[in-house]
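Protein chains: 2
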Amino acid sequence: MEMAKQIFTFYLRDEGIRYSQQRECILDVFLSTEKHLTVIDLYHLVQKKHSGIGYATVYRAIKIISQAGLAREVDFGDGMLRFEHKYKHEHHGHMICTKCGKFIEVVDPQIEELQEKLARKYKFTPQRHKMQIYGTCEKCKTKV
Amino acid sequence: MEMAKQIFTFYLRDEGIRYSQQRECILDVFLSTEKHLTVIDLYHLVQKKHSGIGYATVYRAIKIISQAGLAREVDFGDGMLRFEHKYKHEHHGHMICTKCGKFIEVVDPQIEELQEKLARKYKFTPQRHKMQIYGTCEKCKTKV
DNA sequence: TATATAATTGATATTGAATTTCATTTGCAG
DNA sequence: CTGCAAATGAAATTCAATATCAATTATATA
Ligand SMILES: [Mn+2]
Ligand SMILES: [Mn+2]
Ligand SMILES: [Zn+2]
Ligand SMILES: [Zn+2]
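Line by line, the protein sequences are chains A and B.
Counted from 1, the first sequence has number 1509 at position 105 by our numbering; the numbering is strictly sequential.
Counted from 1, the second sequence has number 1467 at position 63 by our numbering; the numbering is strictly sequential.
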């Protein structure tokens, strides 16, 4: 079994949360894509495998998957929360095209370091951070 | 008249948007505080001066104030959009305490420069960007 | 393995901020 | 002034997030 599923199984056990086919299916579907999914997106994907699984179950499952450390919530400011992989995916920022919605994931150790430094300066204990650049991607730049 | 109000007046004229007592009052109230206000916050403050002004008018006015370049929308991820001053306030990130809600405004030219560099690297034309660090402030660190 | 029981599920209801609608009011050009 | 389009304020609508609840199901234990 892949490591991500192991982590999930152990998390369930540790927290006294029950295993269920629904939760396994939802995790499988989530792990099988690298997209930044909204709950509705994930629900539609899950429907293809098991049309009986309800929206509320998907909603609750992805929350648990997040708590288990396998997903990270990302907010692109468009009114819907998204979920992306967290396990074996290093922290990154996003550059989001305001025209086509496409985004680029960016990693910059220098920025990360400077952020740590800022936190130290203000005696702030950082837990998570967010870096987003909104603008126009190369393709959309040339469009009218 | 202060410059900010000038800018607003000219923006209204340029856009063919009418002047109104309500809009002026809402702008005055907004300019008179340095807080990060939600629409409801601003509405309550406006109520103290002119109790007849409705929520929808405040909502519409702060949007116009933003468009005029006097306010910036900030999203601390708690489900309510906030507005802060933009005019004569340099761009900054936020460190937000997840325990008490307090936040610290941080400016780091090095990070800004690195972000520009990242954008260039991906041929991305940046319009605005966001940097937020969530964690625990000095006071809350010691609490249970 | 059968049973008790507490967690989970799925349909549905609720919440709350954002946004829209619309009848009335008002700014302002002529 | 007057006419009329824009603005206002109350209320309605939207929609994602979250809660509710009766039916179902996983799992501990006898
Ligand atoms: Mn990502
Ligand atoms: Mn600020
Ligand atoms: Zn684009
Ligand atoms: Zn604090």
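Idealized CB from N, CA, C, for every residue including glycine.
Check                                                                                                                                                            : Outcome
Is residue 1407 of chain A helix, strand or coil when you go by DSSP?                                                                                            : helix
Would the beta-carbon of residue 1533 of chain A fall within 8 Å of that of residue 1536 of chain B?                                                             : yes
Who sits around ligand 2, taking every residue whose Cβ is closer than 7 Å to one of its heavy atoms?                                                            : B:1440, B:1478, B:1488, B:1496, B:1498 and B:1509
Mind checking whether the beta-carbon of residue 1506 of chain B lies closer than 7 Å to any heavy atom of ligand 4?                                             : yes
Should residue 1519 of chain A go down as buried or exposed, given a rule of 16 or more other Cβ atoms within 10 Å for buried?                                   : buried
Counting only beta-carbon atoms, is residue 1546 of chain B nearer than 8 Å to chain A?                                                                          : no
How close, in whole Å, do the beta carbons of residue 1408 of chain A and residue 1449 of chain A come, if the pair is a contact with beta carbons under 8 Å?    : At roughly 17 Å, the Cβ-Cβ gap does not stay under 8 Å, so residue 1408 of chain A and residue 1449 of chain A are not in contact.
Below 8 Å on the Cβ atoms is my guess for residue 1486 of chain B versus residue 1441 of chain B; work out the distance and round it to an integer in Å.         : 6 Å
Are the C-beta of residue 1514 of chain A and some C-beta of chain B separated by less than 8 Å?                                                                 : yes
Below 6 Å CB to CB, which residues in the same chain sit around residue 1541 of chain A once its five sequence neighbours on both sides are set aside?           : 1501 and 1506
Report the residue from A:1515, A:1499, A:1545 and A:1424 whose alpha carbon sits nearest the alpha carbon of residue 1480 of chain A.                           : A:1499
Give a single yes or no on whether residue 1527 of chain B has its beta carbon closer than 7 Å to a heavy atom of ligand 3.                                      : no
Relative to ligand 4, is the shortest distance from any of its heavy atoms to the C-beta of residue 1540 of chain B smaller than 7 Å?                            : yes
Run down chain A in chain order and give the residues with a C-beta less than 8 Å from the C-beta of residue 1488 of chain B.                                    : Correct list: empty, because the minimum Cβ distance to chain A is about 15 Å.
For a contact meaning CB atoms closer than 7 Å, what does residue 1527 of chain A contact in chain B?                                                            : 1542
Report, in whole angstroms, the separation of the C-beta atoms of residue 1473 of chain A and residue 1430 of chain A, which I expect to be a contact under 8 Å. : Incorrect: roughly 16 Å between the Cβ atoms, too far for contact.
Mind checking if residue 1442 of chain B is an interface residue toward chain A, Cβ cutoff 8 Å exclusive?                                                        : no
Under 7 Å from any heavy atom of ligand 3, does the C-beta of residue 1501 of chain B make it?                                                                   : no
Helix, strand or coil: how does DSSP classify residue 1491 of chain A here?                                                                                      : coil
Going by Cα to Cα distance, which pick from A:1538, A:1422 and A:1462 is closest to residue 1503 of chain A?                                                     : A:1538
May I have the straight-line CA-CA distance separating residue 1514 of chain B from residue 1422 of chain B, to the nearest angstrom?                            : 42 Å
What separation, rounded to the nearest whole angstrom, lies between the Cα atoms of residue 1425 of chain A and residue 1546 of chain B?                        : 42 Å
Are there 16 or more other CB atoms within 10 angstroms of the CB of residue 1447 of chain B, so buried, or fewer, so exposed?                                   : buried
Against chain A, with Cβ distances strictly below 8 Å, would residue 1471 of chain B count as a contact?                                                         : no
Shorter than 8 Å from the beta carbon of residue 1463 of chain A to some beta carbon of chain B?                                                                 : no
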